[in-house]
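Remarks on the structure that follows.
Chains as they are written, first to last, in our numbering: chain A, 555 to 935; chain B, 555 to 935; chain C, 555 to 935; chain D, 555 to 935.
Okay, structure coming up:
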């Protein structure tokens, strides 16, 4: 079976191993006439790229994208868009002897059980480098969303994610139910005006300065102790009109759950008030209508019955602490024995800041897919 | 676009509106030679059926399943299996005047924005009655999983879900990381020996008696105050071998996220330690190997890199409080005004107990799909 | 794997065995607001129904369709449309002892090799009764095409098929390259004005009276000699605008080839001049442009590069002689021996007349799918 | 919508425009442990490559394949296999001024109607260069089929196509119904022993020397008269076991029809006796059983009910005469006028010989997909 494609009307297929020749994606279903350049894709890949600061793996991949097809004179043709990123800084020597070793917290063992073999260098296709293709696909999806805004003379969608939590440090923005126009004042930051530039201006991509300082401290302590930390990325989408999404299986929640819970290291996803809704009563959780299809609260995080409500979409993704840590870990062997081993290689002590553009890409892709599935994109004129 | 089908190798398509002629599903991709009877399907539908106790809607649907195709002399043919459940007790008069009214917390408004029209009676296809088809599909999936066990002379998979939380009352079983052989003693209940019969023996499907009593109290209070409550269903799968699941987009986590977050009223999904993993360090969260591919803990909830580890799969689903409550609620009108209204109709004050077999069905379906996608099912001999 | 669904934007899933409880289909992806009634579906099923004249099987299935979902107050909801036809006149006794016998020209042997088991009565799912679901799906597709015409204030598409050949008798209409406005005069019939009513008015659905007489004679002779005959159905579509169809794999030719060559007994498909194009030169075969995007000839049968040209679509389907004939035939046994046997049961001596509405259904389905895939259908207003 | 992917269990997605940066494919679903090298893919691309003799376009593309992913140490990983071929000899100047000109027999006009824009140079994605990706995918499929033979200790499948007809010259091999062991002696060539090497040894890939000479003569005459010719490719598959293929929509006939009728310039497909079956009676066409599941004839071309019979698969594909011819042709303009124009550029006067490996690739892909869909490939040991 396949499993490397995602989407209904807009379909991304990704390929590539961490230490193979190249990674990339093919996006099929993009309508004709959408403005798209390689620079647009490169910009998102640069935000995902390793080696940007001292909290990240020092692997120095340029991650230069090539746009191989589907675009002519700066506009899409309606044909498949192939994006290629060659691997250049693959230090496979770091992975010597891993063929028969299973690292804890990694997919080594499960992959061997599934396929009988794997590319052991750098985790092969189980590496987070696999998300290069997802980020490129997300950039293409954003171009589709931009075309929608242009063709409808509407405000463009703003998809902005940030680090909401690392370890025990939590950003003090408004609760999801308050991420609504008129409800976000008086917090450490305002998700409804926050820009990607503002997020990127902080090393850990957390817009709450106080929480950011606490996160830095936790992270430095963890690094000193040769350990890693988990966290949560929150993503808010502004400008999403009501009526996007399919009912039943392909609800926005279902498709976003699929896209986000298939990200490397993702362990949970919740919408709006999410798990905390378990403690609420219906009288509270039912977002009351206000005139003009506005709402008094946003407990649903902008999705009702799987379809967008017009309120900001709010989704959280929990990530586990990075599995690779530079101290001895109790792994397994192909023969079923236990083997303690310190794995070298270049890894992030906390994947959460780099996950920010990856989460945005996943959200953008699901929304562009929903847009096209519902035939809401007017044809180019 | 479609959106009413789910699965890769095993594909379920569901159909039907709450107050239409019938609901049902067609399951394609089921191999030949699997033992399957309508009674097996009926048993699961009966567990989902409304009207079982005083905490549930008093709608009295018999929900009698008919097996229309794909089975001959008690065994599947390899052809599509169609299951039909006719609607009999549809009191559409309860929904008079709802054509232009949008109930808060319901999909009325978003559905109209998506499609321009809807079947207003009983929520139409946005009703939780849609899950009749999912439960029937899950029963078929369980028959596939049973065939796997038989043909491999293996222990059958045990997929058991229970109510883990209603309101602030939480069942005190072992934490997900402890749901491992040898770690579950000394708790209010043991998820590794728990049976569906034991779960069903309690009105709220919560195996912790103390928590159950607290839940009953909360629920009765909410009913008195004409309100509703949310909760969490936890599902554990025993006997799942290592190596099931596709990498990249169709990881078990991604597919389960898709299936579970597309359930009506679902607001969050987490695996193993889930959101709490954000606070952990890698040294703790990395489940250390023990000899013979065993693990010292189960923070990953039985899934690593999207593929099963052989440890029990543990997944949580958060459900919001039921949207329909028998008191005035501030809804909207098709014209964009606000309208207060008390919606009648028959609804559960808390959907969580009835969600238990629905969650099991979704999990069973994803696992049977993964089994077939990986070609792990031997042919009938 | 599945294999019982067809289509991209509009997806039909069919189910049912010849002598099982019921047959039917679920069509997903139909937009909201399309006028659809069960009578519309019944009308096409009636044209497919057996027992209409002495050249057809005397099995007396009423083939009454029930519309189970997806339609409310005469218009589609955008949700899956399920259609059910119960089997009533299944004389399974005719098939006693066929479990281990393989009839020549039937799928008995191949089916057993594929699945290891089968429903032997009436061919099970390999029976041509499987096309009940296809015809129902085609009727729904025609409703979508009608909505397109209404919403665009355009002339509705006319999809009309007829029997072009039975045995050596061939209808003398214009060659496909001449099926163009202004080129069809002077022939035995005019495919550009031909209606389904006119076709149905002849017992064998051949609009050329002289050829019809010859076909009747051939067929009666074959019946007398307890034999069967093959033939060709030709289908022409008028009013199909230019620009429908996907390039590359899902060309109109590819999708039609898939739909038509998967019909029971189909052995070949050709477009426009088809196989005879092998003998032509480019100067002849290249349909020259005339002003206003008209063409001087229609060798391409209305499809160029997989996309409609605006000229009538012309496609031929060859059907083999019916496999079941009331005389001893040399079949096989499950053990690999040869067994002569006269199979009883009720069958058409020539399937071609009944194939006419089935071919139309397949063509309608592919065109409606192409319409929706290209987002050419305006939303309901 | 998409439309650039094909297959169920094995899925090929192709990309690339004729004069863009590159062409290629991603094949998903290939099992792990299949022997695969870039040389194997290159060998098939070389057979498709232009410029091999004087009857072909003189465009000198090296068509060097790069294997970007999915293979490690000469064996597949179970991950997507990406193949890239860069365009090097794109003489776009030949296509100056074609933006607003529609060539007859080409997809220029229909493409503009579908998408509103296109890449005019070299036909863009409508060029036959698109088949580069298909041929690479076919080579991967053949590796899967080879793995099947190895793992089952069976004879490998032999998929051999040849030019059966160019213009009026027809190769005099046995009729399809005679392409059966013991029936092929005494003809100009024997399809059951014919090798690709023997086919390639002739300039026009026709194994009947007399017909080959006639084809050469016809082709030279056509070239002198600045014209082009159509033809027929026949493909026979030896060693295909009984039981491959899905019933209903995804019959081998349906899938092959889809793959072959979506090839550039394809106009018809038939199986076994094909269109000529219309003239036959059931007593003749029903291939009688012989002991040991052998057959007395092969009218069905190795497929019954969509599933392989064990007899050689025989399929014909009709190709139209090449649309580009070096003389003035009556095309259209974007404004709807008529414009006579002699299109330069480098093209084959007859595409049929180069279509031989393309047809083989399509057949190989459908068979490997059917193999995997039916779970007939044992896992690597």
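The beta-carbon is built from N, C-alpha and C at its ideal position, and this holds for glycine as well.
No experiment lies behind these values; they were computed from the predicted model shown.
Put simply, the CB of residue 629 of chain A is far from chain C, with every gap to its CB atoms at 8 angstroms or more. Between residue 925 of chain C and residue 702 of chain C the beta-carbon gap is near 6 angstroms, inside 8 angstroms, which marks them as a contact. Counted as a single uninterrupted DSSP element, the alpha helix (DSSP H) harbouring residue 662 of chain A occupies residues 662-669. A distance below 6 angstroms between beta-carbons, with the five flanking residues on each side excluded, links residue 789 of chain B to the following residues of its chain, in chain order: 715, 869, 913 and 917.
Taking residue 719 of chain B as the centre and dropping the five residues before and after it, the same chain places the C-beta of 785 and 786 closer than 6 angstroms to its C-beta, in chain order. In the DSSP assignment, residue 589 of chain C falls within the beta strand (DSSP E) that extends over 586-589. Remark: fewer than three beta-carbon pairs, one from each stretch, lie closer than 8 angstroms, so the stretch 555-562 of chain B and the stretch 664-681 of chain D are not flagged as touching.
Under a criterion of Cβ atoms nearer than 8 angstroms, the residues of chain C adjacent to residue 933 of chain A are, in order, 929. The beta carbon of residue 697 of chain B sits closer than 7 angstroms to the beta carbons of 588, 589, 590 and 594 from its chain, once the five residues preceding and following it are set aside; these are given in chain order. For a Cβ distance threshold of 9 angstroms, residue set 664, 667 and 668 of chain B lies close to residue 862 of chain A, ordered along the chain. For the set B/875, B/933 and B/811, the Cα lying nearest the Cα of residue 772 of chain B is the one of B/875. With respect to residue 582 of chain B, residue 599 of chain B sits apart: the two C-beta atoms are not nearer than 8 angstroms.
When DSSP reads this structure, residue 783 of chain A sits in a beta bridge with B/835.
With 16 or more other Cβ atoms inside 10 Å of its own Cβ, residue 781 of chain B counts as buried. Judged by DSSP secondary structure, residue 687 of chain B falls within the alpha helix (DSSP H) whose first and last residues are 685-706.
Spatial neighbours of residue 689 of chain B in its own chain (CB-CB distance under 7 angstroms, excluding positions within 5 residues in sequence) are listed in chain order as 598, 599, 602, 911, 912 and 915. Residue 766 of chain B sits buried, since 16 or more C-beta atoms from the chains shown fall within 10 Å of its C-beta. Exclusion of the five residues before and after residue 860 of chain A leaves 799, 800, 801, 802, 804, 805, 806, 807 and 808 as the residues of its chain whose Cβ lies within less than 8 angstroms of its Cβ. Contact with chain B is absent for residue 656 of chain C, since none of that chain's Cβ atoms lies less than 8 angstroms from the residue's Cβ.
Between residue 816 of chain C and chain B, the shortest Cβ-Cβ separation is not below 8 angstroms.
Taking a beta-carbon distance threshold of 8 angstroms, residue 877 of chain B counts as an interface residue toward chain A. For residue 808 of chain D, the uninterrupted alpha helix (DSSP H) segment begins and ends at 806-815. Residues of the stretch 832-848 of chain D with a Cβ closer than 7 angstroms to any Cβ of chain C, in chain order: 832, 833, 834, 835, 836, 837, 839, 840, 841, 842, 843, 844, 845, 846 and 847.
One finds 669, 670 and 671 in chain A with Cβ atoms closer than 7 angstroms to the Cβ of residue 586 of chain D, taken in chain order.
Contact annotation: the stretch 843-852 of chain D touches the stretch 727-746 of chain D, with at least three C-beta pairs closer than 8 angstroms. Within the same chain, Cβ atoms closer than 6 angstroms to the Cβ of residue 565 of chain A are found at 559, 582 and 583, the five residues on either side in sequence being excluded.
Residue-level contact by beta carbon fails for residue 639 of chain B and chain C, as no gap is shorter than 8 angstroms. Per DSSP, residue 873 of chain D is one residue of the beta strand (DSSP E) stretching across 867-873.
One finds 843, 844 and 845 in chain B with Cβ atoms closer than 7 angstroms to the Cβ of residue 892 of chain A, taken in chain order.
For the pair residue 580 of chain D and residue 843 of chain A, the CB atoms are not nearer than the 8 angstroms cut-off. Sequence-distant Cβ neighbours of residue 920 of chain B in its own chain, meaning closer than 6 angstroms and more than five residues away, are 809, 810 and 813. When the Cα atoms are used, residue 625 of chain A and residue 622 of chain D turn out to be separated by approximately 22 angstroms. Within chain A, the residues placing a beta-carbon under 8 angstroms from that of residue 786 of chain B are 829 and 832, ordered along the chain. Within the stretch 568-580 of chain B, 568, 569, 570, 571, 574, 575, 576, 577, 578 and 580 place their CB atoms closer than 8 angstroms to a CB of chain C, listed in sequence order.
Residue 802 of chain D reaches chain C at 557, 558, 568, 679, 684 and 816, counting residues in chain order whose Cβ is nearer than 8 angstroms. Residue 660 of chain C is classed as buried because its beta carbon has at least 16 other beta carbons within 10 Å across all chains shown.
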